[in-house]
Amino acid sequence: MPSAWITTRAWLLMLPLLVVMVAVVSWPMAETVRLSFTDAKLVGTGGAYVGFDNYAKLLTGRPFLLALKTTTLFAVLSVALEVLAGVLAALLLDQEFRGRTLVRALMILPWALPTVVNAMLWRLIYNPEYGALNSLLLQTGLISGYRSWLGEPTSALWAIVAADVWKNFPLVALIALAALQAVPRDVKAAAIVDGAGAFARFRIVTWPYLVGPLTIAVVLRTIEAFKVFDIIWVMTRGGPANATRTLSILVYQEAFSFQRAGSGASMALLVTLIVTLFAVSYIAILRRSAAGS
Amino acid sequence: MPHRFSLSLSLPLVGAALLAGSVAPAAAETTLRALFMAQAAYSEADVRAMTEGFTKAHPDVKVELEFAPYEGLHDKTVLAQGSGGGYDVVLFDVIWPAEYATNNVLLDVTSKITPEMNQGVLPGAWSTVEYAGKRYGMPWILDTKYLFYNKEILQKAGIAAPPKTWEELAEQAKAIKDKGLLATPIVWSWTQAEAAICDYTTLLSAFGGQFLDKDGKPAFQTGGGVEALKYMASTMESGITNPNSKEYVEEDVRRVFQNGEAAFALNWTYMYNLANDPKDSKVAGKVGVVPAPGHAGTSEVSAVNGSMGLGITSTSKSPDAAWDYIVYMTSQPVQNAYAKLSLPIWASSYEDPAVTKGQEELVAAAKTGLAAMFPRPTTPKYQELSVALQQAVQESILGQSTPEDALAAAAENSGL
């Protein structure tokens, strides 16, 4: 049982941080909630109270639901591919070979790039006239002529997913690699002696060590993917024909381009709510794994 | 809300200012922050050189320049305003005064404009800065989209003169395609952005369409508005339009054209001298320019008003210095000296040999084109309308929807 002074001291020590937190998180959040029930404009009017109108319009309107679908698709595709590529890369980098340290260091590079730079690079790669992707696919005979990857609704989302995966799989790989270090070598050796194949060894020996850290990686990446803005803004600005307009782009348009701070705020809060659900599940997973160990 | 936001944001600024004040000597110097565009019209180097000319004449004024791509210009201006200001002078597009005036972003400068300015500037240029009978700045970039053509390719195809109508353009492009000179002879800026609306507006004006009816309700989903989009979709379908146009902005159009990969291109004034520069262009000396074509029965030529103006923000602390700067930047001597990438707003400049020399063809096209400039709708809700129209254009050229359906949906979603 801590004494009263210890409790008081703890609160006092945390006070500066709490003040900052209230100033930069709680207060703007409360303002956003208030705004979301008004028809405020970005500049000029303060706005009048409109109740749940903003929310009702959003949930019944096609743009929001379409953007929700696009965002979910983007998040599912990119996170799934990042986990797949990340685990495969981690397994490879867990092997002993000459130059392993160098390759491990190199792998971090994409993740270290600013997203905007990454997006510009990939725009060059996808360029319909001189892009490297077109050149590669044409020379290997996979396509018969140059294509406009970011100009077609079907390929644009995939193209952005690929760029996002390239940038973010190193994070998953790093987490997975750290987890792999914990797999006991003697158990692996014993499994080989017992005649287990590579796949069986992965499933029975390695996987249990991976699953916990990977879950955390998946939750973190899903939260990030749901908030995606910059990579899309630079590559397609939500086009073609809104095929890549995600929730964050829609919020930006509503609040800043159309200057409707009120309904923009309600949209932003709905996105926050979705992301919070992921965050809560993240904490639940952490608690469960802490209790389990 | 904006007031309280501005308070919280300005506190750290005040702190920074105090810090800076303790270091620098207290000089009576005015600093102006100006927001310009890094895309089309005057180049960044031109704007810097002009500004240097101003600060030489006004040593007590310092001007900090910032350049944004066109796509970021509106949002940057509005965001700065929403958080208590930041810029003194902003470049604005012809489509924004309605919204800026309604939301008190720009100062009304009607009374500052002298009779000499009033008479000297081309009458059409003033519409760039006007809303509800008031003026919110000075026109600076007087611009419209012209039809550029590659003289060599037209000659090889046996075409004697550039097209006078859009139908003729399609025929000539088809002839060039059929002769195997180019697979896709026309290039446009039809990405999901304002650039696509400028091309659409040019066509809408040619086909005699209207954006809004007299009650301010959408009218583009009927008549010429539909014809215009049908024309765009049909050139895409028949393969005479470069299919990559659907992800292009103006700079992409320029690149394709000056690589000799297009026979025709719709673009702003600035492309003329850049595409004629042998350092950068493979088609230097072969660039032809005419006003955008018309349509039999409705128009001789067509043009979109793509002009831009310079205005003073309502949050500026030094509106007088800001106005001096604007007057200098838009003055006839300065505009005449930098007339290669953007033509002056002053009527008499078009007769001045110093301006017309070496670009007689462009000036000739400008005389007809600028007179035919068609406005995009003047409404505070322009951004919403534009986004809805961009979607309609893209859906039609992608073949996802018929022009009729796409425009009907845009009329519904336009917020008007």
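Chains as they are written, first to last, in my numbering: chain S, 26 to 318; chain G, 8 to 423. The beta-carbon is built from N, C-alpha and C at its ideal position, and this holds for glycine as well.
Of the residues Gly-422/G, Gln-179/G and Asn-251/G, which one's Cα is nearest the Cα of Arg-285/S? Along the first sequence, read from residue 1 onward, the residue named residue 285/S stands at position 260. The option with the nearest alpha carbon to Arg-285/S is Gly-422/G.
Jot down the residue ranges of each uninterrupted alpha helix (DSSP H) in the stretch 121 to 190 of chain G, minimum 4 residues, whole runs only, in chain order. 122 to 127, 130 to 133, 158 to 163 and 173 to 185
In chain S, what lies closer than 7 Å to Gly-89/G by C-beta? Here residue 89/G is taken as the residue at index 82 of the second sequence, counted from 1. By Cβ distance, chain S contributes Leu-67 and Val-68.
Taking 9 Å as the CB-CB cut-off, is Lys-184/G touching chain S? Stepping through the second sequence from its first residue, residue 184/G is reached at position 177. Closer than 9 Å: no.
Nearest-angstrom Cα distance between Asn-420/G and Pro-41/S? As a working note, residue 420/G is residue 413 in the second sequence. As a working note, residue 41/S is residue 16 in the first sequence. When rounded, the distance between both Cα atoms is 48 Å.
Flag Val-112/G as yes if its beta-carbon sits less than 9 Å from any beta-carbon of chain S, otherwise no. Looking up residue 112/G in the second sequence gives position 105. Cβ-Cβ to chain S under 9 Å: yes for Val-112/G.
Going by DSSP, what residues sit across from Tyr-332/G in a beta bridge? Taking the first residue of the second sequence as position 1, residue 332/G is located at position 325. DSSP lists no partner for Tyr-332/G.
First through last residue of the alpha helix (DSSP H) which encompasses Leu-102/S: Within the first sequence, numbered from 1, the residue matching residue 102/S stands at position 77. Segment 87 to 119, the alpha helix (DSSP H) holding Leu-102/S.
Contact criterion: CB-CB distance below 9 Å. Does Phe-283/S meet it with respect to chain G? Looking up residue 283/S in the first sequence gives position 258. Answer yes: the Cβ-Cβ gap between Phe-283/S and chain G drops below 9 Å somewhere.
C-beta neighbour in chain G for Asn-79/S, strict 9 Å: Translated into the one-based positions of the first sequence, residue 79/S becomes position 54. It does not: the Cβ of Asn-79/S has no partner Cβ on chain G nearer than 9 Å.
Neighbour list for Ser-103/S in chain G, Cβ cutoff strictly below 7 Å: As a first step, residue 103/S is located in the first sequence; it is residue number 78 there, counting from the start. The premise fails here: Ser-103/S is roughly 21 Å from chain G at the closest Cβ pair, so nothing lies under 7 Å.
Starting from Leu-317/G, trace the beta strand (DSSP E) both ways and give me its first and last residue. In the second sequence, the residue the question calls residue 317/G occupies position 310. Note, Leu-317/G: beta strand (DSSP E), 315 to 319.
Would you list, in chain order, the members of the stretch 388 to 409 of chain G that have their beta-carbon closer than 7 Å to a beta-carbon of chain S? Gln-390, Glu-391, Val-394, Gln-398, Gln-401, Glu-402, Leu-405 and Gln-407
Met-44/G lies in the beta strand (DSSP E); which residues open and close that run? Position 37 of the second sequence, counting from 1, holds the residue named residue 44/G. Element bounds for Met-44/G: 37 to 44.
According to the Cβ coordinates, are Val-49/S and Val-108/S closer than 9 Å? Stepping through the first sequence from its first residue, residue 49/S is reached at position 24. Stepping through the first sequence from its first residue, residue 108/S is reached at position 83. No. Outside cutoff.
Determine which residues of the stretch 251 to 267 of chain S have a Cβ less than 8 Å from any Cβ of chain G, and write them out in chain order. Thr-261, Arg-262, Gly-263, Gly-264, Pro-265, Ala-266 and Asn-267
What separation, rounded to the nearest whole angstrom, lies between the Cα atoms of Ser-314/G and Leu-134/S? Translated into positions along the second sequence, residue 314/G becomes position 307. Translated into positions along the first sequence, residue 134/S becomes position 109. Whole-angstrom Cα-Cα distance: 44 Å.
For a cutoff of 9 Å on Cβ pairs, would you count Asn-157/G as touching chain S? What you label residue 157/G is simply residue 150 of the second sequence in a count that begins at 1. Taking Cβ atoms only, chain S never reaches closer than 9 Å to Asn-157/G, which makes this a no.
Chain G residues whose Cβ lies nearer than 8 Å to that of Pro-178/S: In the first sequence, the residue the question calls residue 178/S occupies position 153. Correct list: Leu-405 and Gln-407.
Residue range of the beta strand (DSSP E) that Leu-273/G falls in? Here residue 273/G refers to the residue found at position 266 of the second sequence. First-last of the beta strand (DSSP E) with Leu-273/G: 271 to 274.
Kindly identify the DSSP beta-bridge partner or partners of Phe-381/G. Taking the second sequence and counting its residues from 1, the one referred to as residue 381/G is at position 374. Bridge partners of Phe-381/G: Val-311/G.
Chain-ordered residues of the stretch 149 to 161 of chain S with a beta carbon less than 8 Å from chain G: Pro-153 and Glu-154
Suppose you measure from the CA of Tyr-155/S to the CA of Leu-161/S; what does that come to, to the nearest Å? The residue given as residue 155/S occupies position 130 in the first sequence. The residue given as residue 161/S occupies position 136 in the first sequence. Spanning the two alpha carbons is a distance of roughly 11 Å.
Is Gln-278/S close to chain G? Criterion is C-beta to C-beta, closer than 9 Å. Translated into positions along the first sequence, residue 278/S becomes position 253. It does: the Cβ of Gln-278/S has a partner Cβ on chain G nearer than 9 Å.
Is the shortest distance between the beta-carbon of Leu-175/S and the beta-carbons of chain G less than 9 Å? Taking the first residue of the first sequence as 1, we reach residue 175/S at position 150. Yes, Leu-175/S counts as interfacial toward chain G.
Within a Cβ cutoff of 8 Å, which residues of the same chain sit near Ala-184/S, ignoring the five residues on either side of it in sequence? As a first step, residue 184/S must be located in the first sequence, where it is residue number 159. The answer, listed in chain order, is Trp-147, Tyr-151, Trp-174, Leu-175 and Met-260.
How do the stretch 72 to 88 of chain S and the stretch 44 to 62 of chain S stand: do at least 3 beta-carbon pairs fall below 8 Å, yes or no? yes
Would you call the CB atoms of Ala-92/S and Leu-272/S closer than 9 Å? In the first sequence, the residue the question calls residue 92/S occupies position 67. In the first sequence, the residue the question calls residue 272/S occupies position 247. Going by C-beta atoms, Ala-92/S is nearer than 9 Å to Leu-272/S.
Within 9 Å (strictly less), CB to CB, does Lys-253/G reach chain S? Start at 1 with the first residue of the second sequence, and residue 253/G comes out as number 246. Yes, its Cβ sits closer than 9 Å to a Cβ of chain S.
Per the DSSP calculation, Ser-314/S is bridged to which residue(s)? Within the first sequence, numbered from 1, the residue matching residue 314/S stands at position 289. Bridge partners of Ser-314/S: none, in fact.
Label Met-278/G either buried or exposed according to how many other C-beta atoms from any shown protein chain fall within 10 Å of its C-beta, with 16 as the threshold for buried. As a working mapping, residue 278/G is identified with position 271 in the second sequence. Buried, since its Cβ has 16 or more Cβ neighbours within 10 Å.
Which residue comes first and which comes last in the alpha helix (DSSP H) that contains Glu-258/G? If you number the second sequence from 1, residue 258/G lands on position 251. Where Glu-258/G is concerned, the enclosing alpha helix (DSSP H) stretches over 257 to 265.
Any beta-carbon of chain G closer than 9 Å to the one on Ala-188/S? Mapped onto the first sequence, residue 188/S falls at position 163. Not one chain G Cβ lies under 9 Å of Ala-188/S.
Would DSSP call Ala-75/G helix, strand or coil? In the second sequence, counting from the first residue as 1, residue 75/G sits at position 68. Here Ala-75/G sits in strand by DSSP.
Measuring CB to CB, does Pro-192/G end up less than 9 Å from Ala-202/G? Working through the second sequence from its first residue, we reach residue 192/G at position 185. Working through the second sequence from its first residue, we reach residue 202/G at position 195. No, the pair does not count as a contact, with Cβ atoms beyond the cut-off.
Can you check whether the CB of Leu-114/G is closer than 9 Å to the CB of Thr-320/G? Reading the second sequence from its first residue, position 313 is the one you call residue 320/G. Reading the second sequence from its first residue, position 107 is the one you call residue 114/G. Against a cut-off of 9 Å, the Cβ pair of Leu-114/G and Thr-320/G comes out as a contact.
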